[in-house]
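Student: Following this message is one structure expressed as structure tokens.
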Amino acid sequence: MEPNYFISQEGPAGWRAWSWVACYLSVTALVYGCATHLPVRPPWLIPATSLDTAIPLVPWTAPVYLSYFLLLPSLVALGSRKPWFLPAFLAACLASASALVWHLLVPTTVVRPSAPADAHLLQWIQQVDSPLGAFPSLH
């Protein structure tokens, strides 16, 4: 079996994998934040389709949106010692990097409905996450 360079041979098992994930999340958050809050050009408006308008805004689905942030930590927790870990981690990084380059070069936006007054988590998500990261969404 080939050594997994994400895992240290010294110290707690998997610490190197966690440090790579922390680095990945930091860089991704920084680039995504810049791309979606400081676009380099006016964003391209993606018009809503009839399917988009037929899907209601359901506040209780907000945690599903936040599950994106659990994906990589789950991957590390479940698989950092598995042979599939490195290819899966690199695939996730490549997918994110491709989307981030697109977000930087071709800003896109959607018109989204406002969250209902009693949907506090959804309101918070809409305040924090700009609609300028519309395509590709990576969700």
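Numbering (the numbering used here), first residue to last: 1192 to 1330. Glycine included, every Cβ here is placed at the ideal spot set by N, Cα and C. A quick note: this is a predicted structure, and the numbers were derived from the prediction, not measured.
Are the CB atoms of V1267 and V1212 nearer to each other than 8 Å?
Tutor: Cβ atoms of V1267 and V1212: closer than 8 Å.
Student: Entirely within the segment 1267–1317 and at least 4 residues each: give me those alpha helix (DSSP H) ranges in chain order.
Tutor: You should have 1276–1296.
Student: Rounded to the nearest angstrom, what separates P1233 and T1300 at their Cα positions?
Tutor: Distance between the alpha carbons of P1233 and T1300: 10 Å.
Student: Only counting the same chain, and skipping five residues up and downstream in sequence, which positions put a Cβ closer than 8 Å to that of P1254?
Tutor: L1312, listed in sequence order.
Student: By the three-class DSSP mapping on this structure, what secondary structure does P1236 have?
Tutor: The question names Pro, but residue 1236 in the sequence shown is Leu. Correct three-state label for L1236: strand.
Student: Within the continuous alpha helix (DSSP H) that includes D1320, where are the two ends?
Tutor: Looking at the DSSP string, D1320 is not in any alpha helix (DSSP H), and its letter there is neither H nor E.
Student: Out of curiosity, what's the CA-to-CA distance linking T1240 and P1304?
Tutor: Between T1240 and P1304, the C-alpha separation is close to 14 Å.
Student: Roughly how far, in whole angstroms, is the beta-carbon of P1327 from the beta-carbon of W1293, given that I think they are within contact range, below 8 Å?
Tutor: Indeed they touch by this definition, with Cβ atoms about 6 Å apart.
Student: Applying the criterion that 16 or more other CB atoms from any shown protein chain within 10 Å of the CB defines a buried residue, is S1287 buried or exposed?
Tutor: Its Cβ being crowded by 16 or more others within 10 Å, S1287 is buried.
Student: Mapping DSSP to helix, strand and coil, what is I1198?
Tutor: Reliability of the predicted coordinates at I1198 is poor, the pLDDT of 48 falling under 50, and no value is obtained from them.
Student: According to DSSP, what are the bridge partners of G1224?
Tutor: Answer by DSSP bridge pairing: none, since G1224 is not bridged.
Student: Here's the rule: buried if 16 or more other CB atoms are within 10 angstroms of the residue's CB, otherwise exposed. What is A1226?
Tutor: Answer is buried; the Cβ neighbour count reaches 16.
Student: Please state if the CB of V1297 and the CB of W1209 are separated by a distance shorter than 8 Å.
Tutor: In this structure, V1297 does not lie closer than 8 Å to W1209 by Cβ.
Student: Taking C-alpha atoms, which residue in D1320, A1306, W1315, W1275 lies nearest to P1247?
Tutor: Taking only the C-alpha atoms, the option nearest P1247 is A1306.
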